[in-house]
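Asks:
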Amino acid sequence: MSVQKFTRDKSGNIAVIFALVAAALMSVMGLSIDLQRSVSAEQSIQSALDASTLAGVRALGDGKHTEAEIKAYVTKIFETNLTSANANLDCPAPAISIDAKAGTVKADASCTLPTTIAGLFAIEKVTIGQSSISALNMSRLDLAMMLDVSGSMKGQKLKDLQEASKSAIDILITPQSDDRVRIAFNTYSTAVNVGSYAKEVKGSAYNKTSPTRLCATERDGSAKFDDDAPAYGKYVNENPQSSDHKPLWCPASSIEPLTTKKQTLKDQIDTFVADGWTAGHLGIAWAWYLIAPEWDAIWPKDSKPLAYNEPKTLKAVILMTDGEFNTAYEKGQGSSVTQSEKLCKNMKKNGIIIYSVAFQAPKSGKKVLQNCATSSDYFFDAKNGTDLKNAYAEIASRLSDLRLTQ
């Protein structure tokens, strides 16, 4: 074939062009696969970092861990989540910084991902850097604990309750909580001991010479199932005996308004003495009064409850009994159970979270606490001292988590 003829021959051009185009298309497709792998890897790294910093900030919030322990925990969570999501990534331990004062945990990761098709173009791996920071939300918490010290709580049961309530206090009040967690409590049996607040809450019913002057029973009138502040027609009563003629008996320990002082609460808990019958509705009412903003004029400055609609604020109560609600006073207001359920219903209307704990309680005692709880998941049935301690620890942990997430 002559040179001239060869140059005019175009029979092989299509095959050459196809080969070139096919090679280009394969390269683009291969590179797109590596790009998709990189995007997926970025998402895996980010998810692992987010999970690890969130876990870290929760550990920071409970105040029980050193900075070194938190960093090790964050690293472990990161590695666990990353391995399960993308085994091809090579990631050294993330760089972690903790600001305890600001309540933040930050983690930075730099990982490498081996390529597939891009390796043909001398790009053997890509480096992917991601970052995550989580901060403590630190909502404020006003919590009231209603504690049964009726006669059936004598002995080991009272000791179990003291230990359980103290453990909850330890979980909730930490160096990191500052003044954002306040706890109050009231003991109850046949009545409630209102201590130095008797005159303010009882009005003209207060008699400084009466042996039961510190005892409070139920209210009547328009405020009987509400949180209205004590005033004319709304003062707390002091009935000499119950509607079924039980004599008035006042617990030895008085109410403790909202406080951030852990030791103050524990010292008061140590004074508990069990005796008397079970006027559960009185315990419920006073748990509400202790965190009700309408009562702020009654309590000391540092114990004034936050408003119901205060931003980033949680209000909660923990109700507890080992028995049957069997003592009431004002005729026409119903049994202790009936009054309890009305009080709980109105508490819920104000957004108060209600946990309840039955401690070796009979069926009737369990039922009223189940009905009072925010939902079935907020009710605990403790069959022994260990169950009781676990219930209080679980409730305290849930409240701590809520402070971080709401």
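Residue numbers for the sequence shown, in the working numbering: 29 to 434. Each residue gets a CB set at the ideal place from its N, CA and C atoms; glycine is no exception. The structure presented is a predicted model; accordingly, all values stated were derived computationally and were not measured.
What are the start and end residues of the alpha helix (DSSP H) that includes residue 311?
Replies: Element bounds for residue 311: 308-319.
Asks: Can the beta-carbon of residue 199 be found less than 7 Å from the beta-carbon of residue 209?
Replies: In this structure, residue 209 does not lie closer than 7 Å to residue 199 by Cβ.
Asks: If you reduce the DSSP assignment to three classes, tell me which class residue 426 lands in.
Replies: Helix at residue 426.
Asks: Where do the N-terminal and C-terminal ends of the alpha helix (DSSP H) with residue 226 fall, by residue?
Replies: Where residue 226 is concerned, the enclosing alpha helix (DSSP H) stretches over 226-230.
Asks: Comparing alpha-carbon positions, which option in 83, 226, 118 and 395 lies nearest residue 353?
Replies: Comparing Cα-Cα distances from residue 353 to each of 83, 226, 118 and 395, the minimum goes to 395.
Asks: What's the gap between the Cα of residue 398 and the Cα of residue 347?
Replies: Near 10 Å, if we compare the C-alpha coordinates of residue 347 and residue 398.
Asks: Looking only at its chain, what residues have a beta carbon closer than 8 Å to the beta carbon of residue 244, apart from the 5 residues adjacent to it on each side?
Replies: Answer for residue 244: 219, 220, 221, 222, 226, 229, 230, 264, 265, 266, 310 and 314, listed in chain order.
Asks: What number of angstroms, rounded off, separates the C-alpha of residue 102 from the C-alpha of residue 139?
Replies: Each residue's alpha carbon lies about 16 Å from the other.
Asks: Taking all protein chains shown into account, decide if residue 260 is buried (16 or more other Cβ within 10 angstroms of its Cβ) or exposed.
Replies: The residue in question, residue 260, is exposed, as its Cβ has fewer than 16 Cβ neighbours within 10 Å.
Asks: Suppose you measure from the CA of residue 378 to the CA of residue 305; what does that come to, to the nearest Å?
Replies: Computed Cα separation, rounded: 29 Å.
Asks: Should residue 355 go down as buried or exposed, given a rule of 16 or more other Cβ atoms within 10 Å for buried?
Replies: Buried, by the Cβ-count rule.
Asks: Helix, strand or coil for residue 334, going by three-state DSSP, please let me know.
Replies: DSSP places residue 334 in coil when its eight states are reduced to three.
Asks: Where residue 165 and residue 431 are concerned, what is the direct C-alpha to C-alpha distance, given to the nearest angstrom?
Replies: Using only the alpha carbons, I get a separation of about 7 Å.
Asks: Identify the continuous alpha helix (DSSP H) that holds residue 188 and give its terminal residues.
Replies: 184-200 is the span of the alpha helix (DSSP H), which, as asked, contains residue 188.
Asks: Within this structure, are the beta carbons of residue 89 and residue 204 separated by less than 7 Å?
Replies: Going by C-beta atoms, residue 89 is nearer than 7 Å to residue 204.
Asks: Report the start-end ranges of each alpha helix (DSSP H) in the stretch 76-148 that is 4 residues or longer and not cut off at the edges.
Replies: 95-113, all fully within the stretch 76-148.
Asks: On the three-state DSSP scale, how would you describe residue 414?
Replies: It is helical.
Asks: For residue 158, report the span of its beta strand (DSSP E) as first-last.
Replies: From DSSP, the beta strand (DSSP E) with residue 158 extends over 153-163.
Asks: Cα-Cα, which of 104, 128 and 130 is closest to residue 119?
Replies: Selected option, being the one with the closest Cα: 104.
Asks: Here's a check: name, in chain order, each residue in its chain whose Cβ is nearer than 7 Å to the Cβ of residue 46, leaving out the five neighbours to either side.
Replies: Because residue 46 sits at a pLDDT of 48, beneath the cut-off of 50, its placement in the model cannot be relied upon, and the following sentence gives the value as read from the coordinates. Around residue 46: no qualifying Cβ.
Asks: For the alpha helix (DSSP H) containing residue 402, name the first residue and the last one.
Replies: Here residue 402 belongs to no alpha helix (DSSP H), and DSSP marks it neither H nor E.
Asks: The alpha helix (DSSP H) spanning residue 369 covers which residue range?
Replies: Start and end: 364-377.
Asks: Decide if residue 177 is buried, meaning its Cβ has at least 16 other Cβ atoms within 10 Å, or exposed.
Replies: Residue 177 is buried by the Cβ-count criterion.
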